[in-house]
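So the structure is just underneath, and the comments pick up after that.
Number of protein chains: 2
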Amino acid sequence: MKCEIIAVGSELLTPYRQDTNSLYLTEKLNEIGVIVHFKTIVGDRHRDLVNAVRAALARVDLVCVMGGLGPTEDDLSREAVAEALGVEVHRDPQLIAALAARFAERRIPMPENNLKQTDIVEGAKVIPNAKGTAPGLWLDTKFAGHRKLIIMVPGPPSECKPMFADECIPRLRAIIPVRHIAKRVLKATMIPESTADALLAPIYTTYKDVETTILAGNAEIQLHVTCAKPVLEEAQMRVDELASRMEEALDQHLYSSHGESLEQIVIYYLEMKQETLAVAESCTGGLLAQRLTSISGSSRSFLGGAVVYSNELKTDFANVPHELIEAHGAVSAEVAEAMAQGIRRRVGASIGVGITGIAGPGGGTETKPVGLVYVAVSYNGKTESMECNFRGDRDRIRLWASQQALDLIRRKLMWPH
Amino acid sequence: MKCEIIAVGSELLTPYRQDTNSLYLTEKLNEIGVIVHFKTIVGDRHRDLVNAVRAALARVDLVCVMGGLGPTEDDLSREAVAEALGVEVHRDPQLIAALAARFAERRIPMPENNLKQTDIVEGAKVIPNAKGTAPGLWLDTKFAGHRKLIIMVPGPPSECKPMFADECIPRLRAIIPVRHIAKRVLKATMIPESTADALLAPIYTTYKDVETTILAGNAEIQLHVTCAKPVLEEAQMRVDELASRMEEALDQHLYSSHGESLEQIVIYYLEMKQETLAVAESCTGGLLAQRLTSISGSSRSFLGGAVVYSNELKTDFANVPHELIEAHGAVSAEVAEAMAQGIRRRVGASIGVGITGIAGPGGGTETKPVGLVYVAVSYNGKTESMECNFRGDRDRIRLWASQQALDLIRRKLMWPH
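As given, the protein sequences belong to chains H and Z, one line each in that order.
Take the position in the first sequence, starting the count at 1, then add 310; the result is the number in the numbering used here.
Take the position in the second sequence, starting the count at 1, then add 310; the result is the number in the numbering used here.
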């Protein structure tokens, strides 16, 4: 079944806003084996909307229209779909009664324009909206002699998503052949995409019935592995088999077998091994602490940290000897290691991390260029550091530095020796 | 001139990837007065592509096709546009020579499939690609008796954006009537969108020739104010006039008159007033420090900070008396104020900030629910705190807490008494 998603709203045609609902719809549709062939974004203009709906009906079997179902003058989806099909819109007495009851319950007078939401396209069935006033519509109809399905859902994500997942997907499942989709997400870091692909392509290309998508970005690589079969267990078996072969190939670069974030994994291992963590950050300026504390429950293993931009603070908060900074410079392996050791002792944690570097764009020199970062970990009686040279802008360098630190902690926890 | 943007690429029809280039193209097109009526996303399938191009040619004057110009079998945009127009594709001898020279210069043998990039649609002019091998194409043609423009640019943002801005926009400017667009972005924070709109709508609705878009999100409100006139100065005058009336209405809530971020503004004022800042964070876990240090040059005014998750660290790093925590609890106005004062003295900064609260989802109680946050600022011999109740999930509560802290610093710097 070929599908097109039409996102309706003039704001989605500005430089500032983007349709994101369609990613969710696509995920849900793919899960039942429906492929999205087109996405169209169209503004709140009647003629354009009719045009978009007609173009979609002419080229796919299932058209999902998102948005334009509200009570304002700009909400034109119902009228447009009706015109595209050559049918009428009529006000539904049952919907009027339900809407009136809803307002009465809240003891608010109902504004007249709300009645627009009780309009239904001739031949449509009403899809209840658990989260708002605008109902969805379901049309099983014909266009140019072919059977077509049209699903209309509201635009606000809080209404669109549950209506689509809870009401529309089960109805679609009842119509289309049963397929079950198994899925796994693997994640790896500190490995270039080309290296990962060279490692993995010889493996995943032999699984013709499994689809593997490699996504690189945000200092990590994601592998989305999916397989569709009439029986779920069979699909799951194929996915798991491929996944475990890829896990083996990625070896220590793999940090997550089920889609968890790197910070989740680090917090998880800290807790499991009953270790505690403290960090001293210079160039990342709190980013590492922020990522760790974004995980709920992190306070059990993450004790705290210091953002030690100035040399004085490196000494005061992380016990870095002043002479060491004098001798090697603030951006050096020695200072990173002293920071890791100092903050660990100072806070009384079992693991200490130190990060110092030059995030740019200013501050680089011939011998210490922008992107040079030292990351150190102090654990188990040993302190080790790593010299990194990251490319890119300030944000990217900071992200990679925090990623490298998280990955070092993970590796120390998993392979302590 | 009505425009449609077609983004080509099967990855843009998955749940994982989204076309973002079109936001940039839309911005550039709007600047010369071209309105985007449709955006279509289509995969690397020949039939679908031809269909998308034909649908676009039938409904708009200008079609921008992004992507599908590379050397692989999946790159089908040239063939699809040619078929939609009923013309041929032919290999261009000049392009072949240029491509061969490029590879010769780098002393790399040219893979055969690269020649695909020298194909041009009959009647098209070549648009040079300063950042890659795939040239763009410019077609000034007819479809069903009407004049149509087709612009084809590569998909990778690093090639697409400069080609569009530097090559395509000047060519479009030469064709369409001259219009100049003036633009301002105002930003305000800690004011609900509905309150802002109630304040501002009576003002901006009287400026019929100026377009005002209100965007709320990420704990702030943005006002995009644009005006198009044949003479730039006239447009600028109207925008500035409306902007200054809105600035007045927003009063202290306005933090930026030209689109700067809140952290940029805070760093700017710190530097201008020659003040220095230190922060002690509990529930925001480094987010405030991370936002401040994301600004290049922040090290001149931001001295550092402490992430004091544990009570011991609140005492050790921010000098919060142990008895104070015992008496009032870690989440209290008293502790927030002691943190602000303590970190300021400890670091030797002129301004100190303390944040303590419950970011959730766990840790809330009847009297101290999730979302309760105290933010304190110590400055100029005074320490003041604010009690906040933020709604939402952990990320949102942390974001709002850091936003409130930045806003308090800004207000103290601008209105010290």
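Cβ coordinates follow ideal geometry from the N, Cα and C atoms, glycine included.
- Under the Cβ distance rule, Tyr-684/H does not count among the residues neighbouring chain Z, no pair being separated by less than 8 angstroms.
- Interface residue (Cβ-Cβ distance to chain H less than 8 angstroms): Phe-612/Z is classified as such.
- Beta-carbon to beta-carbon, Ile-577/Z and Met-311/Z are separated by about 42 angstroms, too far to satisfy the 8 angstroms threshold.
- Shown here, Asp-519/H sits in coil according to DSSP, grouped into three states, outside any helix or strand.
- DSSP places Phe-474/Z within a helical segment (H, G or I) once states are collapsed to three.
- With contacts defined by Cβ atoms closer than 8 angstroms, Ala-588/Z and Gly-662/Z form a contacting pair.
- Here Thr-382/H is exposed. Its C-beta has fewer than 16 other C-beta atoms within 10 Å.
- Residue-level contact by beta carbon holds for His-347/H and chain Z, with a gap shorter than 8 angstroms.
- For Gln-574/H, no chain Z residue has a C-beta closer than 9 angstroms to its own C-beta; the minimum C-beta separation is roughly 13 angstroms.
- Within chain H, the C-beta atoms nearer than 7 angstroms to that of Ser-609/Z come from Tyr-619, in chain order.
- According to DSSP, Gln-713/H shares a beta bridge with no other residue.
- The beta carbon of Ala-640/Z sits closer than 8 angstroms to the beta carbons of Ser-592, Asn-621, Lys-624 and Thr-666 from its chain, once the five residues preceding and following it are set aside; these are given in chain order.
- In the structure shown, the three-state DSSP call for Arg-401/Z is strand.
- When C-beta distances to chain H are compared with 9 angstroms, the residues of the segment 322-333 of chain Z below that value are Leu-322, Leu-323, Thr-324, Pro-325, Tyr-326, Arg-327, Gln-328, Asp-329, Thr-330, Ser-332 and Leu-333, in chain order.
- Around His-534/H, the beta-carbon contacts reaching into chain Z at under 9 angstroms are Thr-324, Pro-325 and Tyr-326.
- In the structure shown, the three-state DSSP call for Leu-386/H is coil.
- Under DSSP, the beta-bridge partners assigned to Cys-313/Z are Val-346/Z and Leu-372/Z.
- Rounded to whole angstroms, the separation of the alpha carbons of Thr-675/Z and Ala-637/Z is 17 angstroms.
- Taking 8 angstroms as the cut-off, the beta carbon of Tyr-334/Z is found closer than this to the beta carbon of Lys-471/Z.
- Sixteen is the threshold: since fewer than 16 other Cβ atoms of the shown chains lie within 10 Å of the Cβ of Ser-468/Z, the residue is exposed.
- With a threshold of 16 other beta carbon atoms within 10 Å, Asn-699/Z falls short and is exposed.
- Residues of chain Z whose Cβ lies closer than 8 angstroms to the Cβ of Phe-627/H are, in chain order, Gly-614, Ala-616 and Phe-627.
- Inter-segment contact for the segment 549-567 of chain Z and the segment 514-523 of chain Z is present: three or more beta-carbon pairs are separated by less than 8 angstroms.
- Cβ-Cβ separation between Val-397/H and Gly-433/H: approximately 6 angstroms, consistent with a contact (criterion under 8 angstroms).
- A residue is called buried once 16 or more other Cβ atoms fall within 10 Å of its Cβ, and Asp-717/H is buried on that count.
- In this structure, DSSP gives Gly-652/H a helical state, which the three-state scheme calls helix.
- In this structure, DSSP gives Asp-507/Z a helical state, which the three-state scheme calls helix.
- Listed in chain order, the positions of the segment 525-554 of chain Z with a beta carbon within less than 9 angstroms of a beta carbon of chain H are Leu-525, Gln-532 and His-534.
- Of all residues in the segment 364-386 of chain Z, only Ala-365 and Arg-369 place a beta-carbon less than 7 angstroms from a beta-carbon of chain H.
- Using a Cβ-Cβ cut-off of 8 angstroms, Gln-600/Z counts as an interface residue toward chain H, since at least one Cβ of chain H sits closer than that to its own.
- Chain-order list of chain Z residues neighbouring Thr-336/H: Leu-323, Thr-324 and Pro-325, by C-beta distance under 8 angstroms.
- His-568/H is not bridged by DSSP to any residue.
- Across the set Ala-545/Z, Gln-562/Z, Pro-540/Z and Thr-499/Z, the C-alpha of Thr-499/Z shows the shortest separation from the C-alpha of Gln-532/Z.
- Contacts with chain Z (Cβ-Cβ distance below 7 angstroms) from the segment 695-709 of chain H involve Arg-704 and Asp-705, listed in chain order.
- Listed along chain H, no residue sits closer than 8 angstroms to Gly-465/Z by beta-carbon distance, the nearest being about 15 angstroms off.
- Take Trp-448/Z, set aside five residues on each side of it, and the residues of its chain with a beta-carbon closer than 7 angstroms to its own are Ala-434, Lys-435, Ile-437, Ile-461 and Arg-481, in chain order.
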